[in-house]
Amino acid sequence: MLADGQETITDYAKWSVNKIKSAELIGQFRCVMTGAGSADTIDMIWEKVSALWNSPGSSYLHGWITRVELRPLQQWREQIVSTVRETTETCVVPWGNAHSGVSLIWLIQDLSEPPAQPGTVPMEL
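For what it's worth, my numbering labels the leading residue of the sequence shown as 100, then goes sequentially.
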């Protein structure tokens, strides 16, 4: 799942396709996304989500650090989930079995509040 490479001919050629994406919104949260499946679809979903924090959204963007309007982490989470759902419903589902689909893992780390216990880091999957 976390492999950042792709091969089109088994055991012949493999190259990096940058399926691991990250963004840090200073003082708010850090977001990491990775996935398995079509690299183009993963790039498209990341571009749609990263537009929420005004990133250029280009597929070559692996990491992004920016300042945006302060919002609760729960609101960011809901917007990210909503954007992924809408993008999947409009761009992947209509293709049915003709599209291989993707499996994504998202990690959101709250940077706005100190950890409740020393040595712990607040994260949400």
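Glycine included, each C-beta is placed from N, C-alpha and C at the ideal position.
Quiz item: Going straight from the alpha carbon of I204 to that of G126, what length do you get?
Solution: In the sequence shown, counting from the first residue as 1, residue 204 sits at position 105. In the sequence shown, counting from the first residue as 1, residue 126 sits at position 27. When rounded, the distance between both Cα atoms is 23 Å.
Quiz item: Roughly how many angstroms lie between the CA atoms of V131 and R170, to the nearest whole one?
Solution: Residue 131 sits at position 32 when you count from the first residue of the sequence shown. Residue 170 sits at position 71 when you count from the first residue of the sequence shown. Their backbone Cα atoms lie some 18 Å apart in a straight line.
Quiz item: When burial is assigned at 16 or more other CB atoms within 10 Å of the CB, is L206 buried or exposed?
Solution: Walking along the sequence shown from the start, residue 206 turns up at place 107. Per the 10 Å Cβ criterion, exposed.
Quiz item: Going by alpha carbons, who is nearest to Q208 out of A138, S137, Q173, P193?
Solution: Against the sequence shown, residue 208 aligns to sequence position 109. The shortest Cα separation from Q208 among A138, S137, Q173, P193 belongs to Q173.
Exercise. Tell me whether the beta-carbon of G136 lies closer than 8 Å to the beta-carbon of G200.
Key: Your numbering for residue 136 matches position 37 in the sequence shown. Your numbering for residue 200 matches position 101 in the sequence shown. Yes, these two residues count as a Cβ contact at 8 Å.
Self-check item: 3-residue-minimum beta strand (DSSP E) runs that sit fully inside the segment 134-205, ordered along the chain
Solution: 162-165
Self-check item: C-alpha gap between K118 and T140, whole angstroms
Solution: Within the sequence shown, residue 118 is the residue found at index 19, counting from 1. Within the sequence shown, residue 140 is the residue found at index 41, counting from 1. If you take the alpha carbons of K118 and T140, they lie about 10 Å apart.
Quiz item: Going by C-alpha distance, which of E123, A122, V148 is nearest T187?
Solution: As a first step, residue 187 must be located in the sequence shown, where it is residue number 88. Selected option, being the one with the closest Cα: V148.
Quiz item: Nearest-angstrom Cα distance between S154 and R176?
Solution: Position 55 of the sequence shown, counted from the first residue, corresponds to residue 154. Position 77 of the sequence shown, counted from the first residue, corresponds to residue 176. Taking the straight line from one Cα to the other gives about 17 Å.
Quiz prompt | Where T189 falls, given that 16 or more other Cβ within 10 Å makes a residue buried | solution = Here residue 189 corresponds to residue number 90 of the sequence shown, with the count starting at 1. Its Cβ having fewer than 16 others within 10 Å, T189 is exposed.
Quiz prompt | Close Cβ partners of L210 (< 7 Å) along its chain, the five nearest in sequence each way excluded | solution = By one-based count along the sequence shown, residue 210 stands at place 111. Contacts found: G126, Q127, F128, R129.
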